[in-house]
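Read through the structure below, which is laid out as structure tokens, and then see the notes.
There are 2 protein chains.
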Amino acid sequence: MPIHSNQPKNKKQQLLDAALTLFVNQGIYATSTASIAKTAGVATGTLFHHFPSKEVLVLELYKKIKQDFVLQIAPFKLEVTQLEQQTKVIWQQAIDWALANADQQNFCLLVMQYQPLSAQTKAQIFADEFSFLKEIILFGQQHQLIANYPIELMLESAHGQFLTSSQFFINNTELAQEAKYSEAAFKLFWKSFTN
Amino acid sequence: MPIHSNQPKNKKQQLLDAALTLFVNQGIYATSTASIAKTAGVATGTLFHHFPSKEVLVLELYKKIKQDFVLQIAPFKLEVTQLEQQTKVIWQQAIDWALANADQQNFCLLVMQYQPLSAQTKAQIFADEFSFLKEIILFGQQHQLIANYPIELMLESAHGQFLTSSQFFINNTELAQEAKYSEAAFKLFWKSFTN
DNA sequence: GTCTATAGTGCGATAGAC
DNA sequence: GTCTATCGCACTATAGAC
Chain A
0 MPIHSNQPKN KKQQLLDAAL TLFVNQGIYA TSTASIAKTA GVATGTLFHH
50 FPSKEVLVLE LYKKIKQDFV LQIAPFKLEV TQLEQQTKVI WQQAIDWALA
100 NADQQNFCLL VMQYQPLSAQ TKAQIFADEF SFLKEIILFG QQHQLIANYP
150 IELMLESAHG QFLTSSQFFI NNTELAQEAK YSEAAFKLFW KSFTN
Chain B
0 MPIHSNQPKN KKQQLLDAAL TLFVNQGIYA TSTASIAKTA GVATGTLFHH
50 FPSKEVLVLE LYKKIKQDFV LQIAPFKLEV TQLEQQTKVI WQQAIDWALA
100 NADQQNFCLL VMQYQPLSAQ TKAQIFADEF SFLKEIILFG QQHQLIANYP
150 IELMLESAHG QFLTSSQFFI NNTELAQEAK YSEAAFKLFW KSFTN
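So the protein lines, in turn, are chains A and B.
With numbering that gives the first Met the number 0 applied, the first sequence covers 0 to 194.
With numbering that gives the first Met the number 0 applied, the second sequence covers 0 to 194.
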């Protein structure tokens, strides 16, 4: 650790933190690099020293967040007799992460609509993020627990349902604690896939 | 009809048409009023004669599109013995409209993330647009055909599933013709709600 | 109603001192 | 690595002639 380390970690992290807050409150387009620098308490030149462009800043922030999300999803050895229960645990871990990291979750939604990032970039991120989901669906189909619909459609549907439910609970945090709501959200998800 | 009517309808409509195309190809923020006017073949001053601001232009375009969408959804007298079939017809009408009006559908998605419009404005639009959906769910619940989950959650879920499926088919138009895919999309939707 | 011309603003990014 | 200062550009919106 350097002797002269200041109380706030490093300026790069301060910039990422400030950017996240501003992005989710104002949108990515509406947030200027100058305002990010000002909020972070650094100069605009410093921002462009750490990130060659605003676009790169957005992408780097996104990747860090998704890395954190994937770590919250504990891996399983899938069991035929336990598949619904195992899926429920994973679903709840994902929802809990979204609730505890509402800014991060909202930012990911914004990035999906942020047009300066290519569709290819987004598709790659999506595939990485939800590889565990594909395993569950294929495993369930092999054992006749999950319907044999086309896998691409099912992946999109599952992702969409997760986004919808997590957004609902983020916008209505008091309902996330009620079993009636959290049970219903998972059942809506699970029943759509069952045979 | 005025004697001096030009071949292109009126300039206001030309502006709306140009705006739609540019918005879905570049995003709303990334599209300048100047480029809309240029594409429409009119001057920037003319744009601001018809729309007091870019924001109003966006909202007016959005309302026109949603009006058109709602007209495509034929009303039904809901019947207990026919509910699944009736819902399927409505679902397919909605998907077909989205496919035939991909630009319009994509634009609606962009508007939902366009932050200059207030959350209240968007919520109002959502309620208007999907009132028929609420009727179906409540009717189905009364007759024990549809699960008794909280109605707000079900409405969000239904809307999300429609957006996911229509986006999937817009991005993979060749699959929309295959019964395997279109049947699966509806079943994913319907099964999630059934008792 | 439509045009041309432009005012006024704020942006992303760079240069160069320290 | 960080700063100050600023460039060059594109944007929304307006003014005023026709």
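No residue lacks a Cβ here, since even glycine has one placed at the ideal position from N, Cα and C.
Minimum Cβ-Cβ distance from residue i to chain B less than 9 Å
i              : result
A33 (chain A)  : no
Q166 (chain A) : yes
S117 (chain A) : no
S52 (chain A)  : no
E155 (chain A) : yes
H48 (chain A)  : no
K186 (chain A) : yes
Q160 (chain A) : yes
Under 7 Å from the C-beta of residue i: neighbouring residues of chain A
i              : result
A29 (chain B)  : Q114
A183 (chain B) : Y148, P149 and L152
Beta carbon proximity, residue i to chain A, threshold 9 Å
i              : result
E173 (chain B) : no
P149 (chain B) : yes
K179 (chain B) : yes
Q25 (chain B)  : yes
E40 (chain B)  : Position check: residue 40 (chain B) holds Gly in this sequence, whereas Glu was assumed. Not an interface residue.
L109 (chain B) : yes
A163 (chain B) : The question names Ala, yet the displayed sequence has Thr at residue 163 (chain B). Output row for T163 (chain B): interface = yes.
Proximal residues to residue i (C-beta, below 7 Å), its chain only, five neighbours per side dropped
i             : result
T32 (chain B) : T43, L46 and K53
Under 9 Å by beta carbon: chain A residues contacting residue i
i              : result
K190 (chain B) : A146, K190, S191, F192 and T193
F103 (chain B) : The sequence shown places Gln at residue 103 (chain B), rather than the Phe named in the question. Chain A residues near Q103 (chain B): none, gap ~16 Å exceeds 9 Å.
E128 (chain B) : Correct list: empty, because the minimum Cβ distance to chain A is about 16 Å.
G139 (chain B) : Near G139 (chain B) there are no residues of chain A at all, since even the closest Cβ is about 14 Å away, more than 9 Å.
Proximal residues to residue i (C-beta, below 8 Å), its chain only, five neighbours per side dropped
i              : result
K63 (chain B)  : L15
S4 (chain B)   : The predicted position of S4 (chain B) is uncertain, since its pLDDT is 40 and thus under 50; a value taken from the coordinates is nonetheless stated next. Cβ neighbours of S4 (chain B) beyond the five flanking positions: none.
K133 (chain B) : I150 and L154
P51 (chain A)  : none
Sub-9 Å separation of residue i and residue j beta-carbons
i              : j              : result
L109 (chain A) : F22 (chain A)  : yes
Q71 (chain B)  : Q92 (chain B)  : yes
A184 (chain B) : L152 (chain A) : yes
L137 (chain A) : T193 (chain A) : no
Q160 (chain B) : G159 (chain A) : yes
V41 (chain B)  : Q12 (chain B)  : no
F125 (chain B) : A157 (chain B) : no
T86 (chain A)  : I135 (chain A) : yes
Y28 (chain A)  : Y28 (chain B)  : yes
F131 (chain B) : I94 (chain B)  : no
L58 (chain A)  : T120 (chain A) : yes
A39 (chain B)  : K10 (chain B)  : yes
K190 (chain A) : K190 (chain B) : yes
Inter-residue CB distance, residue i and residue j (contact presumed, cutoff 8 Å)
i              : j             : result
Q112 (chain B) : Q25 (chain A) : Actually they are not in contact, since the Cβ atoms of Q112 (chain B) and Q25 (chain A) sit about 12 Å apart, beyond 8 Å.
I169 (chain A) : L98 (chain A) : 6 Å
Check: residue i C-beta below 8 Å from any heavy atom of the ligand FAD
i             : result
T86 (chain B) : This structure lacks the ligand FAD; in fact it carries no ligand of any kind.
Listed by chain order, chain B residues near residue i by CB distance under 7 Å
i              : result
Q123 (chain A) : Within 7 Å Cβ-Cβ: nothing; Q123 (chain A) doesn't reach chain B, min ~15 Å.
Amino acids of chain A, ordered along the chain, whose beta-carbon sits closer than 8 Å to that of residue i
i             : result
G44 (chain B) : None at all; the shortest Cβ gap to chain A is about 25 Å.
Own chain partners of residue i with C-beta closer than 6 Å, once the 5 adjacent residues on each side are dropped
i              : result
S164 (chain A) : A184
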